[in-house]
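Numbering (my numbering), first residue to last: 3 to 207.
Structure first, then comments.
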């Protein structure tokens, strides 16, 4: 089943690369930023975690040890958290760089693009990093948090700023499971996978 997931990843990566390239004049991602890896929940399915753990086994020992320390810290923070929605920095982020980049999850691969939102009165979802002068910041109206036609015209860019159907729910939906003959399995926030025995069996070196 993991081989089928790898075939799916190859297909999705090509699609996402095409979208990112098409929007390159609005994408300002750069190595060492790490904003998308902080203060979030990071949804992961079971098969995504299995693939992530494969990447962990090839980490240098010092990086692996740091990841373990980070995980333990997040788990302690979660245990003492009293609010409704616990967010945290990804424990695999080391010095603002993803330590398991090639084995990262779907949410990590698609973040940065403008996403089509269905079933709401909100037209599109813009990556939050636009507020920091990053993705789509050159065309977003800060009041509406949507693309401003006036700002777009001022850029002189030929390619329009576009939104794509790249939500996590869509990219991990049944259509892809059936097309590539595998199952994503249970989905939950990344850190929750480390609370159960699943982690004890998989996350070891």
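Note that the Cβ used here is the ideal one computed from N, Cα and C, for glycine as well.
Own chain, CB closer than 8 Å to residue i, minus 5 neighbours either side, in chain order
i           : result
residue 74  : none
residue 136 : 30, 31, 35, 37 and 129
residue 179 : 185 and 186
residue 134 : 37
Integer-rounded CB distance, given that residue j should sit under 8 Å from residue i
i           : j           : result
residue 108 : residue 8   : In fact, because the Cβ distance is near 13 Å, the residues do not count as touching under 8 Å.
residue 43  : residue 115 : That pair is no contact at about 19 Å.
residue 163 : residue 154 : 6 Å
residue 89  : residue 126 : About 23 Å; that fails the 8 Å criterion.
residue 45  : residue 132 : The Cβ separation is near 21 Å, so there is no contact.
residue 197 : residue 77  : 7 Å
residue 193 : residue 80  : 6 Å
residue 65  : residue 14  : Actually they do not touch by this definition, with Cβ atoms about 26 Å apart.
Close-in-space but distant-in-sequence residues of the same chain around residue i (CB under 7 Å, 5 per side omitted)
i           : result
residue 57  : 102, 104 and 105
residue 94  : 69, 100, 101 and 102
residue 200 : Unreliable placement is indicated for residue 200, whose pLDDT of 44 sits below 50; no coordinate value is reported for it.
residue 120 : none
Under the three-state DSSP convention, the category residue i falls into
i           : result
residue 46  : strand
residue 184 : coil
residue 201 : In this predicted model, residue 201 has a pLDDT of only 49, less than 50, meaning its place in the structure is not dependable; the value taken from the coordinates is given anyway. Helix at residue 201.
residue 166 : strand
residue 16  : helix
residue 11  : helix
residue 126 : strand
residue 27  : coil
residue 141 : coil
residue 190 : strand
residue 21  : helix
Cβ shell of residue i (< 6 Å), same chain only, five flanking positions each side left out
i           : result
residue 2   : Here the chain has residues from 3 to 207 only, and residue 2 is not among them.
residue 91  : 40
residue 159 : 27
residue 113 : 38
residue 149 : 141 and 163
Distance cut-off 7 Å: residue i Cβ against heavy atoms of the ligand COA
i           : result
residue 108 : Among the components modelled here there is no ligand, and therefore nothing to report on the ligand COA.
In chain order, which continuous runs of the beta strand (DSSP E) of length 3 or greater are located wholly inside the region 90-122? 116-118
Assess contact between the region 123-140 and the region 22-33, defined as three or more Cβ pairs (one per stretch) separated by less than 8 Å. Is contact present? yes
Closer than 8 Å is the cut-off here; do at least three beta carbon pairs connect the region 45-64 with the region 3-23? yes
Count the C-beta pairs between the region 12-24 and the region 53-69 that are closer than 8 Å, then say yes if the count reaches three, no if not. no
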